[in-house]
């Protein structure tokens with residue numbers, strides 16, 4: 039049973055990453071009919087939604103695209119910033135989707151932002167407490183570690199509606215603004231869905247790990263009675 043669990047937590051994230059990289063690689067070679075660079079797509083959607091104060095910048099790395107709510111900046115990796123591909127269009131629109139969420143004070147985005155400090159502390163500190171608790175057989179310390187990890191897991195779960203909603207907004211925008219043709223909708227959705235899969239995989243693995251630790255704590259508590 040343990041080996042099955044181990045295989046799941048190792049293979050599921052790997053599969054998700056392979057899926058997104060495969061979809062991105064495939065559709066980054068497919069030129070969009072609009073011939074718009076990702077930066078242009080982002081700027082057009084932002085302007086159409088009145089987000090003139092949000093800037094679009096180029097950033098290094100591959101698939102390093104993100105929206106920074108603190109500086110109100112959409113950052114696109116070089117290929118997506120300059121490229122004219124279906125993948126670049128999808129990624130740019132998705133990141134602008136987060137900017138629109140920020141503008142409209144989307145509830146799950148607000149919750150995720152509030153959870154960031156707790157999640158960071160939880161992910162960094164939880165395993166230290168958990169390992170000490172397990173090896174020293176101190177159930178109370180293990181429980182504190184589990185509580186910190188639970189905060190990080192909640193963050194992962196809250197991330198899911200944020201990402202799916204951003205993708206939904208992205209599709210609505212590129213379709214309504216005529217950035218993509220009808221025959222490009224399927225390809226665009228494939229890129230967005232592949233990216234969303236990585237968040238689903240991360241959340242699933244996090245929940246499984248939390249459940250396993252709770253079972254360890256339960257067993258340890260029984261032994262102490």
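In our numbering, the protein residues as written are 39 to 263. Using N, Cα and C, we set each Cβ at its ideal position, and we do this for glycine too.
Measure the Cβ-Cβ separation of residue i and residue j and say whether it is below 8 Å.
i, j, result
"residue 79", "residue 217", "yes"
"residue 198", "residue 179", "no"
"residue 110", "residue 92", "yes"
"residue 239", "residue 51", "yes"
"residue 196", "residue 149", "yes"
"residue 211", "residue 130", "no"
"residue 177", "residue 124", "no"
"residue 97", "residue 114", "yes"
"residue 94", "residue 73", "no"
"residue 87", "residue 144", "no"
Give me, in chain order, the residues of the same chain whose beta-carbon lies closer than 6 Å to that of residue i; leave out the 5 immediate sequence neighbours on both sides.
i, result
"residue 23", "This structure gives no information on residue 23, because the portion of the chain shown stretches from 39 to 263."
"residue 193", "153, 157"
"residue 128", "226, 229, 230"
"residue 57", "232, 235"
"residue 147", "139, 200"
Report the three-state DSSP secondary structure of residue i (helix, strand or coil).
i, result
"residue 114", "strand"
"residue 217", "coil"
"residue 155", "helix"
"residue 69", "strand"
"residue 144", "coil"
"residue 255", "helix"
"residue 62", "helix"
"residue 104", "strand"
"residue 161", "helix"
"residue 94", "strand"
"residue 123", "strand"
"residue 87", "coil"
"residue 175", "coil"
"residue 187", "helix"
"residue 56", "helix"
Taking C-alpha atoms, which residue in the options lies nearest to residue i?
i, options, result
"residue 164", "117, 61, 175, 189", "189"
"residue 108", "141, 206, 236", "141"
"residue 13", "200, 260, 219", "For the chain, the structure presents residues 39 to 263; residue 13 sits outside this window and is missing."
"residue 191", "90, 160, 46, 41", "160"
"residue 207", "139, 223, 162", "139"
"residue 257", "41, 175, 95, 94", "175"
"residue 47", "241, 261, 65", "241"
"residue 171", "209, 44, 252", "252"
Can you list, in chain order, the residues of its chain with a C-beta nearer than 7 Å to that of residue i? Leave out the 5 residues immediately preceding and following it.
i, result
"residue 205", "132, 135, 230, 234"
"residue 220", "none"
"residue 298", "The chain is shown only over 39 to 263; residue 298 falls outside these bounds and no answer can be derived."
So, for residue i: in the same chain, excluding its five sequence neighbours on each side, which residues have a beta-carbon less than 8 Å away from its beta-carbon?
i, result
"residue 75", "119, 120, 121, 122, 126"
"residue 53", "239"
"residue 213", "223"
"residue 151", "107"
When you compare the region 240-254 with the region 181-197, are there three or more beta-carbon pairs, one atom per stretch, that lie closer than 8 Å? Three or more beta-carbon pairs drawn from the region 240-254 and the region 181-197 are found closer than 8 Å, and the two stretches are therefore classed as touching.
Below 8 Å, how does it come out for the region 45-61 and the region 223-234: are there three or more Cβ pairs, yes or no? When Cβ pairs closer than 8 Å are counted between the two stretches, the region 45-61 is seen to touch the region 223-234, the count reaching three or more.
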